[in-house]
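Structure record follows, encoded as structure tokens.
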Amino acid sequence: NLPSIRCPPTMRGSSRCPFFPPLLFFFTVSRGRCLAKKYFPPYRPASGGVGDRSDGYASSEESASTAASILLSSMSLGDMAGQMSLVHIDAVLEEYEIPKTSGADDGYVDFGTRVNRTAADAFFGTLGAGAVFGQPSPLRPPPLGAPDDSGPRSRRRVPWSSEDYRAAIAALDGAARAAGRPPVLYALDTTHGAGYVAGSVLTPQPLHVAASFDTAHAYAAGAMGARYSLGAGVQWIFAPVLGLGTDYRWGRLVETFGEDPEVVGAMGSSWIAGTQEASVEEVEGGLEAPRVRRAAACAKHFLGYSAPKKGLDRADSALTEREVHQYYLRPWERAVKEAGVLTVMESYSDLQGVPMASNAHYLKRVLRQQLGFTGLLVTDYAEIRNLVEWHSVARDYGEAVRLAMEETSIDVSMAPFRAGEFVNAVGSWAAAAGDDS
């Protein structure tokens, strides 16, 4: 609640800014260092909230850890490489046409999507992929060769509800279970509520939440997104973004908490706490037989992604080492040490000339050793392949995998449609390194 905010110096023609709502987007956050306290503590419920539970969850978590250790000891190298693969949901879907109701033709043909059992068996049974991410792609182009004046303009896919996600996850789990594999993780981008789950409640964008300077709002937003994701069976939450929004030209500025490191650190830590302490039972009305009870936040994108040259998305970052440590690393320190974030996603960008997907300094020395992060580290979209096709630091995919495995601490590769290629390359790398453990 900031009722007395006045216009910035460049707009001092009146005592109070007449355009406060739209300017809240920019001035209160991008000028946040003038308004924020020196230190923002992250929000946590005082008592009786979702962070205060006595239902035996800790003991069940310990049991799960023991079971995971036993399962890991029985895995081959190929099994482990499969579990390191993150596949896009489109890789295992098939379409079916949804008939139009009378008088409802709008020039589109609507299609539903469901898991193709053969594809699921290949990816999650035979290959043993450990996780899946994303929502069904919403639009498809007209059939090849179709004249402009005939047929539908486009093929439109109907978005999934929570029931659709649960059905898909059950099918993928079935394929994994039939092959003796662990359960499949499902991940979704959830930066302002469970926006890819039809019928869920959306929250304001992170930049707008940060404009409140109220960490309780950030906690509530994280919890809301997690609850509706958990209701859909989705337990891996790709949020929040911890980059500093220092360049208004960057197209994803609205996903940040602004430019002030203290505000970003406080809001991000509170968002993570809300995400990881939320429980599926707290969705209003409840859900039958929830598959999972808690979610894992995935803070992104480590590091420097929000500061690309000229504001161009995925461009190299020109940050100096001093800027990184003085500003950009501070929210990450709080996310790891205060909020206990469980997973982290590395960045598309080059930082100081080295792609993050092969950056030993930042992914080993800084993230793991300096910050003490012990959780799961996942790549962004096809980032190991991008070492060949985008960053041009590897001759071929085999060398890209070698760089990622030897130079970094990456645990999971987001290989949307080519997970088999990743598994084979990991096997070849391990064989060449003489490691068959």
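When we follow the numbering used here, the leftmost residue of the sequence shown carries the number -5, and every step to the right adds one.
Here a beta-carbon is modelled for each residue, glycine too, at the ideal position from N, C-alpha and C.
Owing to the predicted nature of the structure, the values given are computational and were not obtained by experimental measurement.
Measuring CA to CA, which of Val248, Asp167, Arg308 and Ile231 is closest to Ser205?
-> Mapped onto the sequence shown, residue 205 falls at position 211. Note that residue 205 corresponds to Ala in the displayed sequence, not to Ser. Looking at the Cα atoms, Val248 is the closest of the given residues.
Residues near Arg324 in its chain [Cβ-Cβ closer than 6 Å; skip 5 each side] = The residue you call residue 324 lines up with position 330 of the sequence shown. Excluding sequence neighbours, Arg324 sits near Pro255 and Gly259.
Which value, in whole angstroms, describes the spacing of the CA atoms of Arg47 and Gly268?
-> Within the sequence shown, numbered from 1, the residue matching residue 47 stands at position 53. Within the sequence shown, numbered from 1, the residue matching residue 268 stands at position 274. Low confidence applies here, because Arg47 scores a pLDDT of 35, under 50, leaving its location unreliable and the question unanswered by this model.
Hey, how far is the Cα of Glu89 from the Cα of Ala114?
-> Against the sequence shown, residue 89 aligns to sequence position 95. Against the sequence shown, residue 114 aligns to sequence position 120. Rounded to whole angstroms, Glu89 to Ala114 spans 14 Å at the Cα level.
Would the stretch 316 to 336 and the stretch 355 to 369 be scored as touching if the rule is three or more Cβ pairs under 8 Å?
-> yes
Does the Cβ of Asp73 have 16 or more other Cβ atoms within 10 Å, making it buried, or fewer, making it exposed?
-> Here residue 73 refers to the residue found at position 79 when the sequence shown is read from its first residue. Buried, by the Cβ-count rule.
What first and last residue would you give for the beta strand (DSSP E) that runs through Phe105?
-> As a first step, residue 105 must be located in the sequence shown, where it is residue number 111. Residues Tyr102 to Val109.
From which residue to which residue does the alpha helix (DSSP H) around Ala169 run?
-> For this step, residue 169 is matched to residue 175 along the sequence shown. Taken as a continuous stretch (DSSP letters only), the alpha helix (DSSP H) holding Ala169 covers Ser156 to Ala172.
Out of curiosity, what's the CA-to-CA distance linking Val195 and Trp265?
-> Here the question's residue 195 lines up with position 201 in the sequence shown. Here the question's residue 265 lines up with position 271 in the sequence shown. Going from the Cα of Val195 to the Cα of Trp265 covers about 16 Å.
Does the distance from the CB of Ala409 to the CB of Ala388 come in under 8 Å?
-> In the sequence shown, counting from the first residue as 1, residue 409 sits at position 415. In the sequence shown, counting from the first residue as 1, residue 388 sits at position 394. No, the pair does not count as a contact, with Cβ atoms beyond the cut-off.
Separation of Ser407 from Glu340, as counted between CA atoms = Along the sequence shown, read from residue 1 onward, the residue named residue 340 stands at position 346. Along the sequence shown, read from residue 1 onward, the residue named residue 407 stands at position 413. Rounded to whole angstroms, Glu340 to Ser407 spans 10 Å at the Cα level.
Own chain, CB closer than 6 Å to Gly106, minus 5 neighbours either side, in chain order | Residue numbering aside, residue 106 sits at position 112 when the sequence shown is read from its first letter. Result list for Gly106: Tyr90, Ile92 and Val152, in chain order.
Secondary structure of His385, DSSP reduced to three states = Locating residue 385 in the sequence shown gives position 391, where the first residue counts as 1. In this structure, His385 counts as coil in the three-state DSSP scheme.
Please look up how many angstroms separate the CB atoms of Ala419 and Val395, rounded, as I've assumed it's under 8 Å.
-> As a first step, residue 419 is located in the sequence shown; it is residue number 425 there, counting from the start. As a first step, residue 395 is located in the sequence shown; it is residue number 401 there, counting from the start. 4 Å between Cβ atoms; contact.
Distance, Cα to Cα, Glu276 vs Ala170?
-> Position 282 of the sequence shown holds residue 276. Position 176 of the sequence shown holds residue 170. Only weak support exists for where Glu276 lies, its pLDDT of 46 falling under 50; the value from the coordinates is given anyway. Each residue's alpha carbon lies about 29 Å from the other.
In angstroms, rounded to a whole number, what distance separates the CA positions of Gln444 and Asp104?
-> Residue coverage of the chain in this structure runs from -5 to 431, which leaves residue 444 outside it and unanswerable.
Can you give me the Cβ contacts of Gly245 inside the same chain, cut-off strictly under 6 Å, excluding the 5 residues immediately before and after it?
-> Here residue 245 refers to the residue found at position 251 of the sequence shown. Around Gly245: Asp307.
Is Arg25 helix, strand or coil when you go by DSSP?
-> On the sequence shown, position 31 is the one that residue 25 refers to. Reliability fails at Arg25, whose pLDDT of 36 lies under 50, so the model's placement of it is uncertain and the value that follows must be treated cautiously. In the structure shown, Arg25 sits in coil (DSSP, three-state: anything other than H, G, I, E or B).
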